[in-house]
Every structure is written in structure tokens, then in C-alpha cells.
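First the structure, in the form of C-alpha cells, and then the observations on it.
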Amino acid sequence: MEENEVKKYDVVIIGAGLGGLTCGAILAKSGLKTLVIEQHSIPGGYCTSFKRNGFIFDAAVHFSEGLGERGRFYQILKELEVEKEIELHKIDPLYRVFFGDESFSIPADLNEYISMLSKKFPKEEKGISKLFNTIKGLKEEAEKLPNPLLIWDKIFVPLKFPLIFKYYKKTFAEMLADFIEDDKLRSIISSGWPYVGLPPSKVSATQMAGYLYSAHFEGHYYPKGGSQVLANILAKALKKYGGELQLGNKVTKILIENNKAMGVETAKGDKINAKYVVSNADARQTFLKMIEPGKLNSKFLNSLNQMGPSVSFFQVWLGVDMNPRDKGINEYEIFCYPSYDTDHIYDSCLQGKFELGCGINIPTLNDTTLAPDNKHIIGLIYPVPYTYNENWGTENGKKGSSYKKLKDEKMHQLIKTAERVIPELSKHIILSDAATPLTLERYTQNSEGAAYGWASTPDQSGTSRLQPETPVKNLYLAGHWTTSGGGTITVALSGRTTAEMIIKVHSKSPH
Ligand SMILES: Cc1cc2nc3c(=O)[nH]c(=O)nc-3n(C[C@H](O)[C@H](O)[C@H](O)COP(=O)(O)OP(=O)(O)OC[C@H]3O[C@@H](n4cnc5c(N)ncnc54)[C@H](O)[C@@H]3O)c2cc1C
Numbered sequence: 002m003e004e005n006e007v008k009k010y011d012v013v014i015i016g017a018g019l020g021g022l023t024c025g026a027i028l029a030k031s032g033l034k035t036l037v038i039e040q041h042s043i044p045g046g047y048c049t050s051f052k053r054n055g056f057i058f059d060a061a062v063h064f065s066e067g068l069g070e071r072g073r074f075y076q077i078l079k080e081l082e083v084e085k086e087i088e089l090h091k092i093d094p095l096y097r098v099f100f101g102d103e104s105f106s107i108p109a110d111l112n113e114y115i116s117m118l119s120k121k122f123p124k125e126e127k128g129i130s131k132l133f134n135t136i137k138g139l140k141e142e143a144e145k146l147p148n149p150l151l152i153w154d155k156i157f158v159p160l161k162f163p164l165i166f167k168y169y170k171k172t173f174a175e176m177l178a179d180f181i182e183d184d185k186l187r188s189i190i191s192s193g194w195p196y197v198g199l200p201p202s203k204v205s206a207t208q209m210a211g212y213l214y215s216a217h218f219e220g221h222y223y224p225k226g227g228s229q230v231l232a233n234i235l236a237k238a239l240k241k242y243g244g245e246l247q248l249g250n251k252v253t254k255i256l257i258e259n260n261k262a263m264g265v266e267t268a269k270g271d272k273i274n275a276k277y278v279v280s281n282a283d284a285r286q287t288f289l290k291m292i293e294p295g296k297l298n299s300k301f302l303n304s305l306n307q308m309g310p311s312v313s314f315f316q317v318w319l320g321v322d323m324n325p326r327d328k329g330i331n332e333y334e335i336f337c338y339p340s341y342d343t344d345h346i347y348d349s350c351l352q353g354k355f356e357l358g359c360g361i362n363i364p365t366l367n368d369t370t371l372a373p374d375n376k377h378i379i380g381l382i383y384p385v386p387y388t389y390n391e392n393w394g395t396e397n398g399k400k401g402s403s404y405k406k407l408k409d410e411k412m413h414q415l416i417k418t419a420e421r422v423i424p425e426l427s428k429h430i431i432l433s434d435a436a437t438p439l440t441l442e443r444y445t446q447n448s449e450g451a452a453y454g455w456a457s458t459p460d461q462s463g464t465s466r467l468q469p470e471t472p473v474k475n476l477y478l479a480g481h482w483t484t485s486g487g488g489t490i491t492v493a494l495s496g497r498t499t500a501e502m503i504i505k506v507h508s509k510s511p512h
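If you read the sequence shown in the working numbering, its first letter stands for residue 2, the second for the next number, and so on.
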């Protein structure tokens with residue numbers, strides 16, 4: 002398209018994260034003329050990979066849920082007729098978790114997991130089964146919940162959706178207390194909490210139950226060739242159905258007339274008219290930067306300004322000339338916690354105590370094509386805030402020598418922590434790189450490098466989160482800043498929900 006040309010689309014989507022790509026591909030398949038605009042040079046947002054010296058590193062996402070044949074993400078790929086274009090490794094066991102010196106390997110099979118937990122905690126056997134039945138029940142109710150939830154529907158929630166009604170304002174710790182008595186067992190069941198960004202005492206019960214459903218009922222999968230492959234096949238589906246993907250162009254403005262979205266303007270000066278606009282981008286950027294002041298009502302803006310983003314991560318990528326299996330490491334993913342005290346661990350993360358624990362992932366245990374022969378990839382990850390050490394030692398927003406020094410220091414500290422599980426790791430590093438929350442923000446524009454959109458507290462989850470419909474007519478959201486939060490399967494489902502809403506609205510007034 003020529004620069005500055007006004008072009009008419011049915012839908013323009015801001016951002017080619019998995020939420021934007023899924024939404025775009027479904028809309029294009031329905032026959033709507035769809036354009037996805039992405040500021041980065043590659044599609045995928047957090048679900049991208051980068052190559053260095055023969056290694057393929059995942060930028061952020063290191064597995065996806067629901068890609069097995071009965072999984073919800075697989076169903077979306079199937080509807081888009083691209084499911085055969087991806088080769089998947091099932092991650093089994095899901096992960097190993099260390100609590101100090103004690104460790105557990107978490108099997109992918111739910112029955113195996115329940116019997117493992119029941120053997121270790123025989124008095125809790127019934128509670129464990131009831132908990133997982135409730136998690137399944139919550140997911141089944143959530144699928145039947147009308148979207149949008151109108152006032153009339155809300156009256157029937159207690160009757161028709163009793164589990165959602167019981168737990169939607171509770172934390173996962175409160176939900177766990179209904180079923181499990183032993184504190185250690187509670188910590189084991191919640192040990193995947195970094196995947197939702199908050200410990201059980203702070204995370205919404207429904208949000209954590211959503212994660213546990215997808216992990217234990219649908220499984221974790223790794224696409225052969227790296228996470229980028231997943232984004233690429235969604236981009237391929239978009240194009241297959243006539244949709245367009247424009248890379249390396251940033252949307253700077255959402256055009257609004259009489260409270261109705263009319264299109265977007267980009268940094269290159271293009272003006273693109275569209276009947277519907279979907280933002281897959283960061284919610285603060287969408288409402289506070291891309292929309293002119295005065296176009297949104299103050300009540301909406303006030304509540305937006307009170308919402309807080311999720312945690313971010315410090316990440317380290319290592320290329321190593323050792324085989325982790327020789328050190329007895331067989332799990333793709335490992336959590337190293339110093340103890341069973343989840344709240345203390347989370348507080349330590351906020352304070353940047355990198356010496357206490359870390360997450361480790363070794364994608365080459367599943368996919369040897371990611372590294373040169375006889376080499377492996379080891380990823381280290383640690384939840385940490387953007388504001389750590391005055392925004393990582395930046396000076397007036399600039400990354401100077403103190404930023405670089407701190408980044409390097411933290412990288413070595415995290416490698417040292419990982420050596421508790423992988424002895425002599427530092428002797429085998431042939432390539433290393435690290436990223437702070439500021440790096441995540443720079444590549445994806447997510448405020449404060451938020452890993453999962455808004456923090457998944459009970460008062461920022463479910464209907465209290467931003468909805469796919471916005472106060473501006475024909476402006477929609479898709480992705481982790483809207484319902485139902487972060488994670489690849491969740492944003493793909495969000496993309497689908499938004500696409501279906503637009504298809505429905507458009508069928509009633511196609512012109
Ligand atoms: C370190 C890390 C590890 C994670 N690991 C996992 C994991 O293993 N499994 C999992 O399921 N989830 C994981 N997550 C969470 C998951 O990655 C996200 O919740 C999900 O990918 C978000 O998808 P999205 O489509 O909502 O947005 P994003 O991936 O943030 O994509 C938004 C896109 O919009 C683009 N954009 C923004 N502003 C503009 C603009 N103005 N103009 C044009 N384009 C714009 C961005 O460049 C980006 O491509 C992880 C997150 C992080 C940070």
C-alpha cells in the first residue's frame with residue numbers, strides 16, 4: 002500500500018500477538034476484509050523466537066496449552082484448517098518443582114498426578130479429587146456464560162453458574178482451603194503460580210483454576226522449531242483467507258467520530274479506514290495514547306487508571322555445550338523455590354532476591370532442532386517488577402552503563418542460583434543473553450513489560466477486567482488485557498470471542 006493512502010477495510014487489528022492473529026484469521030475466514038498491523042518486524046508478540054549462532058531461542062513463551070487433539074487451541078487451528086502444519090511435542094512431565102531439597106515431578110496425566118498426590122497425602126485424597134472436579138466444573142460453567150453478560154443474565158448467575166458465583170471474588174488460596182488442609186500440598190498444587198503471575202493468596206480463584214484446567218486437563222505443548230512456529234501458522238491462516246499482515250508499522254492513533262471507531266493512523270502516516278477496529282495492543286497505550294484526550298468518558302478513564310499490570314520477568318538465554326540429562330535433568334521445565342512458603346517467595350521476587358530461586362526451561366530436551374549438534378538451550382526466568390532498582394538503573398528512561406551493569410550482574414546471579422540444580426552450568430556456557438522487563442516492553446509495547454496484561458487479582462478478573470467491547474462503538478479488544486487474562490490459549494480464545502462478536506454485529510448491519 003502506498004504511504005498516506007486511505008484504504009478501506011472491514012476490520013483493522015492493532016497488533017499481531019496471538020490474540021490479534023487469531024481474531025484476524027477468524028474474521029478473514031468469515032469473509033471480512035481484514036488488516037493486521039504489527040509494529041515489530043515479525044508476528045507473534047510474546048510468542049516469537051530469535052536466532053543466534055545456530056540456536057533458536059524463544060523470546061518469552063515456552064509452551065502452549067490446549068494444542069492436543071481435544072484441546073481448545075487445537076480446535077481453533079482446526080477451524081482455520083492449519084492444524085496439520087504444526088508438529089508438537091507433548092511436555093510430560095509438565096515440570097519438576099523444588100521446595101528446598103525436596104522435589105516433585107508433576108506428571109502430565111491428571112489421574113497419575115492425583116494418585117501421586119494422594120499417595121503422599123492419603124488424608125487429602127477426597128479433597129484432591131473434589132478440587133480437580135471443581136476446576137473442571139468452573140471451566141464448563143465459564144464456557145456457558147453469556148458474553149457480554151447483560152444485567153438480565155446477572156440475575157441468573159447464582160442459579161445457573163453456582164461455582165462461578167461462589168468463587169469469582171475469591172482468591173485461589175480461599176478456594177484451596179475448601180478442599181485441602183495440608184499447607185505443603187497447597188503449595189505443590191499451586192506451584193505453577195508464576196504462569197499466572199501471582200501467588201495463591203493474591204490470584205483470582207477462577208484465573209488460577211483456568212490455568213490448572215488447561216495444564217492438567219489439556220496439557221502443555223511445544224511446537225517443533227520454536228514458539229514462533231505457532232504465530233507463523235496463525236499469520237499463514239490469516240493470509241490464506243485473504244487477510245493482510247503489515248509488519249514494521251506502528252499504529253499511533255485510533256480515528257474516532259461521534260464515539261465510533263472509524264480506522265487508524267500509523268507512524269508511517271497511513272490513514273486506514275475500517276468499520277471495526279480491534280486492539281490487541283497494551284490497554285494503556287490503546288486508551289491513553291492512541292485515543293485523543295476528551296474522546297473517552299472520565300468514569301472509564303478513572304477505572305482504567307486504577308488498574309495495575311501483572312508482573313514482568315527477567316530472562317536469561319544460554320547456549321551450552323553440555324547435555325542436561327548427564328546431570329540427571331529430564332524435565333523441560335523446573336521451578337526452584339527455596340521453601341513451601343509461596344507468599345515469602347513472591348515477596349522475595351518483588352524485592353529482586355535472585356539468589357533465592359528461579360525457573361529453568363530446557364526446550365532442547367524436547368526439540369533438538371533448536372540448537373547445533375550436541376548443544377542445548379537453557380532458559381532462566383525470574384518474576385520481577387519493572388520498577389526494580391529504579392527501573393533497572395535507567396537514567397531518565399535511558400539504558401546507560403548502570404542498566405547494563407545491573408543486567409549483567411543479575412544474569413550471573415541467576416546462573417549461580419540455577420547451579421543448585423544444574424551443577425557447573427557456568428562452565429558450559431558458550432552463548433548468553435538477558436532481558437529485563439524494559440526489554441519486554443520495548444519489543445511488545447506492553448506497559449511495564451507486563452507478562453499477562455492486568456494482574457489477575459479477583460478485582461481485575463472476569464467481568465471486572467476490561468471487556469472485549471469498549472465504550473467506543475466498533476472498537477474492540479482482543480488479547481491478555483481483556484477477559485480472561487494471560488497465556489497463549491487464553492488470548493487465542495479471546496481473539497475468537499472478539500471475532501465472533503464482530504461477525505455477529507456485522508451480520509446485522511453489513512454496511
Ligand atoms: C517471559 C514470558 C513468558 C511467558 N511464558 C508463557 C508460556 O510459556 N505459556 C503461555 O501460555 N504464556 C506465556 N506467557 C504469557 C503470554 O505470552 C501472553 O499472555 C500472550 O502471548 C499475550 O498475547 P497477546 O496477543 O495478548 O499480546 P502480545 O503478545 O503482547 O502481542 C501484542 C502485539 O501488539 C503489537 N503492538 C503493540 N502496540 C502496537 C501498535 N501501536 N501498533 C502496532 N502493533 C502494536 C506488539 O508488538 C505485539 O506484537 C509469557 C509471557 C512472558 C512475558
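All residues carry an ideal CB built from backbone N, CA and C; glycine is no exception.
Within 8 Å, strictly: CB atoms of residue i and residue j
i	j	result
Tyr522	Tyr212	Residue 522 lies beyond the range of the chain shown here (2 to 512); nothing can be said about it.
Phe58	Trp318	yes
Gly320	Ala282	no
Glu66	Ala216	yes
His90	Asn367	yes
Val230	Val13	no
Ile378	Leu426	no
Gly21	Ala479	yes
Glu448	Gly486	The residue asked about is misnamed: residue 448 is Ser in this sequence, not Glu. No, they are not a contact pair.
Tyr277	Ile503	yes
Gly394	Tyr404	yes
Gln286	Glu39	no
Gly226	Thr388	no
Gly244	Ala493	no
Phe355	Lys411	yes
Thr81	Tyr75	First, the residue type needs correcting, since residue 81 is Leu and not Thr in the sequence shown. No.
Ile431	Asp327	no
Asp183	Glu88	no
Pro438	Val385	yes
Val312	Ser192	no
Leu36	Ile273	yes
Gly488	Tyr453	yes
Ile92	Arg497	no
Pro96	Ile335	Note that residue 96 is Tyr in the sequence shown here, rather than Pro. Yes, the pair counts as a contact, with Cβ atoms nearer than the cut-off.
Paired residues, beta bridge with residue i - DSSP
i	result
Ser205	Thr172
Asn274	Lys9, Gly264
Pro310	Trp455
Gly18	Gly45
Cys337	Phe99, Cys359
Ala1	Residue 1 lies beyond the range of the chain shown here (2 to 512); nothing can be said about it.
Pro224	Leu89
Tyr477	Val279, Glu470
Leu256	Gly264
Val37	Ile14, Leu246
Thr483	Leu467
Ile430	Val321
Legend entry - Secondary structure, beta strand (DSSP E): runs of 3+ residues fully inside the stretch 39 to 98: 50 to 53, 56 to 59, 89 to 91
Legend entry - In chain order, each alpha helix (DSSP H) run of at least 4 residues that lies wholly inside the stretch 356 to 415: DSSP runs (the alpha helix (DSSP H)) wholly in the stretch 356 to 415: 389 to 394.
Legend entry - Segment contact flag, the stretch 300 to 313 with the stretch 43 to 52, C-beta cutoff 8 Å, min 3 pairs: no
Legend entry - Touch test, the stretch 204 to 211 against the stretch 167 to 178, Cβ-Cβ under 8 Å, three pairs minimum: yes
Inset, instruction - Say whether the stretch 466 to 485 touches the stretch 295 to 302, bearing in mind that this needs 3 or more beta-carbon pairs closer than 8 Å, one atom from each stretch. - result: In short, these stretches touch, since the Cβ pair count reaches three.
Legend entry - Cβ contact check for the stretch 157 to 164 and the stretch 343 to 350: 3 or more pairs under 8 Å: no
Legend entry - Cβ contact check for the stretch 128 to 138 and the stretch 100 to 120: 3 or more pairs under 8 Å: yes
Legend entry - Validate contact between the stretch 246 to 261 and the stretch 92 to 108 using beta carbons, cut 8 Å, 3 pairs: no
Legend entry - Segments of 3+ residues assigned as beta strand (DSSP E) that fall wholly inside the stretch 93 to 170: You should have 96 to 100, 103 to 107.
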